[in-house]
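Number of protein chains: 2
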Amino acid sequence: MTTKEKILETARLLFNENGVETVTVRSLAQEVGISHGNLCYHFANTDVIIERLYLQLAETISTGINQLVPGESLSLELLRRLGTGTFALLYEYRFLMRDFAGIMRRLPAIREQHQALMQRRRDTFRLILHQLRKQDILRSELYPGQDSHLIEQMLIVGDFWLSSADVLYEGPDEAKINHYVSVFEALLLPMLTEKGLQQWFAIPHSNPDRETVRGV
Amino acid sequence: MTTKEKILETARLLFNENGVETVTVRSLAQEVGISHGNLCYHFANTDVIIERLYLQLAETISTGINQLVPGESLSLELLRRLGTGTFALLYEYRFLMRDFAGIMRRLPAIREQHQALMQRRRDTFRLILHQLRKQDILRSELYPGQDSHLIEQMLIVGDFWLSSADVLYEGPDEAKINHYVSVFEALLLPMLTEKGLQQWFAIPHSNPDRETVRGV
DNA sequence: TTAATTTTAGAACAAATGTACTAATTGATT
DNA sequence: AATCAATTAGTACATTTGTTCTAAAATTAA
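As you go down the protein sequences, you meet chains A and B in turn.
Counting the first sequence from 1 gives a position; this note's numbering is that position plus 24.
Counting the second sequence from 1 gives a position; this note's numbering is that position plus 24.
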């Protein structure tokens, strides 16, 4: 592992543990085991490190999104695996969502990137809703604009379950991601058709070691 | 207005605008128009100011919660007014939710207070669900534990719509709160009975100047 | 091997911040 | 009016932090 990679990796762990505000070039350098002068040689400051880590995450998510092809058949089980993968990925970069406001304030460049990413996720969610309806798994809107509301719920829960969990989650750590995937999934369930509900009940929910896919 | 009150008020506005990390005893004192020595005489540091502001919010919310009496009849319109009031209140203290993680890290005392507050809100939500079912407005659970999922969704959306709005909301400011109240409300809608849906459709949704109630 | 380039450690400096302290001023009480 | 407590402004100091600079060491290329 090169020094650059070691720095990024250590920074990610340190950010996750202590938050972005408490990590300085000096404390990070010490954790990596190099001088802070050396660290500044590779990355001028912590801001550019945060930016790089955000790009890492955004790229991984984007490639995940592109795995979903319009028109391709979907199952609720596939969606759950996609969701679990995304949540697990987000968990590795959880400092980004936890210190969301502060980071967006510090790094306007990321703000725009994030807006674009969220737009792509919105489109993906809309695609999913459309496909599920075509397969008669999802009921149609109860009122005009319900889909938009649902998608916003998905964005909020999908991004900020981490912050909420920080204070409220009390179960075992291994079950955390699966728990919040269930909370997320439950946004969709009341809108399932009879057929959709049957398909959902048929998914093995007790097994937490399901294979996961990254992205979306 | 006493100096103490002036400090708290200015701090709240400054926190909302620039985030807790950027506000120092000096910058705050300057904004209030007093010396930083004087400010430290009233409040040792910014931490105790944050704590005081949190208590202000928590207390207001708690009194709002107690307005709901178990067994009393509910309407979706009343719930919407309660929701709007709470969202408006939260908006005035939005820095607390935006810089949530950082604050919880800095002030462990608040963390415990917040856990307790969230428990009370959970109980309130459960009470509401129960009462709505008694009035045949809400369908029963699709699966055991759905209520818990729904309540967690309500907590997450109810707390973090502010953070999401920071980056994603693009409409006019006056409509912001009502928009997110709708997103919040939409969590419940798919579970309404026929009767419930009819009641909901009868609410005048276009008028944003509805009277609001604080709390919950 | 030699020369050039990259990487590294450490020193130095300015700016900002929390905290403590002093002295002056104000306001209330007797 | 005199006294005491509360309030205020301003100073001082130690720490931390970002940033820059220098020189040594390590690595690579010729």
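Every residue gets a Cβ at the ideal spot worked out from N, C-alpha and C, and that includes glycine.
Quick caveat: nothing in here was measured; it's all calculated off a predicted structure.
Residue closest to residue i, alpha-carbon to alpha-carbon, out of the options
{"i": "E209(A)", "options": "S99(A), D197(A) and T48(A)", "result": "S99(A)"}
{"i": "L103(B)", "options": "L156(B), M128(B), W185(B) and Y117(B)", "result": "L156(B)"}
{"i": "W185(B)", "options": "S59(A), G88(A) and A125(A)", "result": "A125(A)"}
{"i": "I161(B)", "options": "S97(B), V191(B) and R135(B)", "result": "S97(B)"}
{"i": "M121(B)", "options": "P214(B), D183(B) and I201(B)", "result": "D183(B)"}
{"i": "G43(A)", "options": "A82(A), I74(A) and H173(A)", "result": "I74(A)"}
{"i": "S206(B)", "options": "L131(B), V181(B), Q222(B) and G220(B)", "result": "V181(B)"}
{"i": "M178(B)", "options": "T84(B), E101(B) and L213(B)", "result": "L213(B)"}
{"i": "E45(B)", "options": "L32(B), D71(B) and I58(B)", "result": "D71(B)"}
{"i": "S86(B)", "options": "L32(B), L131(B), D147(B) and E33(B)", "result": "D147(B)"}
{"i": "L141(B)", "options": "G88(A), R76(A), V191(A) and Y167(A)", "result": "V191(A)"}
{"i": "T26(A)", "options": "S51(A), V47(A) and V56(A)", "result": "V56(A)"}
{"i": "A82(B)", "options": "V49(B), R130(B) and E136(B)", "result": "E136(B)"}
{"i": "S291(A)", "options": "L221(B), H203(B) and I227(B)", "result": "Residue coverage of chain A in this structure runs from 25 to 240, which leaves residue 291(A) outside it and unanswerable."}
{"i": "L166(A)", "options": "Q222(B), H154(B) and L166(B)", "result": "Q222(B)"}
{"i": "F225(B)", "options": "G195(A), P168(A) and I89(A)", "result": "P168(A)"}
{"i": "K219(A)", "options": "L114(A), Q159(A) and Q139(A)", "result": "Q159(A)"}
{"i": "T217(A)", "options": "K28(A), F149(A), L153(A) and G95(A)", "result": "L153(A)"}
{"i": "Y115(B)", "options": "K28(B), Y65(B) and D197(B)", "result": "D197(B)"}
Cβ neighbour criterion (16 or more within 10 Å) applied to residue i
{"i": "S188(A)", "result": "buried"}
{"i": "M215(A)", "result": "buried"}
{"i": "E41(A)", "result": "exposed"}
{"i": "L38(A)", "result": "buried"}
{"i": "G107(A)", "result": "buried"}
{"i": "V47(A)", "result": "buried"}
{"i": "Y14(B)", "result": "Residue 14(B) lies beyond the stretch modelled for chain B, which goes from 25 to 240, so this question has no answer here."}
{"i": "G195(A)", "result": "exposed"}
{"i": "G95(B)", "result": "exposed"}
Short CB-CB distance (under 7 angstroms) between residue i and chain B
{"i": "N145(A)", "result": "Inspection of the sequence shows that residue 145(A) is occupied by Arg rather than by Asn. By this cut-off, R145(A) is not an interface position."}
{"i": "R122(A)", "result": "yes"}
{"i": "L156(A)", "result": "no"}
{"i": "F149(A)", "result": "no"}
{"i": "L192(A)", "result": "yes"}
{"i": "R129(A)", "result": "yes"}
{"i": "H138(A)", "result": "yes"}
{"i": "F39(A)", "result": "no"}
{"i": "G107(A)", "result": "no"}
{"i": "A210(A)", "result": "yes"}
{"i": "G61(A)", "result": "no"}
{"i": "E45(A)", "result": "yes"}
{"i": "F184(A)", "result": "yes"}
Beta carbon proximity, residue i to chain A, threshold 7 angstroms
{"i": "I180(B)", "result": "yes"}
{"i": "F111(B)", "result": "no"}
{"i": "S187(B)", "result": "yes"}
{"i": "P214(B)", "result": "yes"}
{"i": "M142(B)", "result": "yes"}
{"i": "G126(B)", "result": "yes"}
{"i": "G195(B)", "result": "no"}
{"i": "V207(B)", "result": "yes"}
{"i": "H173(B)", "result": "yes"}
{"i": "E176(B)", "result": "yes"}
For residue i, the three-state DSSP class (helix, strand or coil)
{"i": "L32(A)", "result": "helix"}
{"i": "L98(B)", "result": "coil"}
{"i": "L192(B)", "result": "helix"}
{"i": "L92(A)", "result": "coil"}
{"i": "L162(A)", "result": "strand"}
{"i": "F225(B)", "result": "helix"}
{"i": "L212(B)", "result": "coil"}
{"i": "P132(A)", "result": "helix"}
{"i": "S86(A)", "result": "helix"}
{"i": "S171(B)", "result": "The identity of residue 171(B) in the sequence shown is Asp, whereas the question assumes Ser. The answer is helix: DSSP assigns D171(B) an H, G or I state."}
{"i": "I72(B)", "result": "Sequence inspection shows Val at residue 72(B); the Ile mentioned does not correspond to that position. Helix at V72(B)."}
{"i": "S206(A)", "result": "helix"}
{"i": "V47(B)", "result": "coil"}
{"i": "N231(B)", "result": "Unreliable placement is indicated for N231(B), whose pLDDT of 47 sits below 50; the coordinate value is still reported in the next sentence. The answer is coil: DSSP assigns N231(B) none of H, G, I, E or B."}
{"i": "T217(B)", "result": "coil"}
{"i": "F67(B)", "result": "coil"}
{"i": "T27(A)", "result": "helix"}
{"i": "Y117(B)", "result": "coil"}
{"i": "I58(B)", "result": "coil"}
Whole-Å CB distance - residue i paired with residue j, under 8 angstroms assumed
{"i": "H60(A)", "j": "A68(A)", "result": "Contact doesn't hold; Cβ gap of about 12 angstroms is too wide."}
{"i": "I175(B)", "j": "F111(B)", "result": "No, I175(B) and F111(B) are not in contact; Cβ-Cβ is about 17 angstroms, not under 8 angstroms."}
{"i": "R36(A)", "j": "L77(A)", "result": "6 angstroms"}
{"i": "L151(B)", "j": "L92(B)", "result": "7 angstroms"}
{"i": "L63(B)", "j": "V49(B)", "result": "6 angstroms"}
{"i": "R144(A)", "j": "I58(A)", "result": "The pair is not a contact, with the Cβ atoms about 37 angstroms apart (cut-off 8 angstroms)."}
{"i": "T260(B)", "j": "L113(B)", "result": "The structure shown does not extend to residue 260(B), since chain B is modelled only from 25 to 240, so the question has no answer here."}
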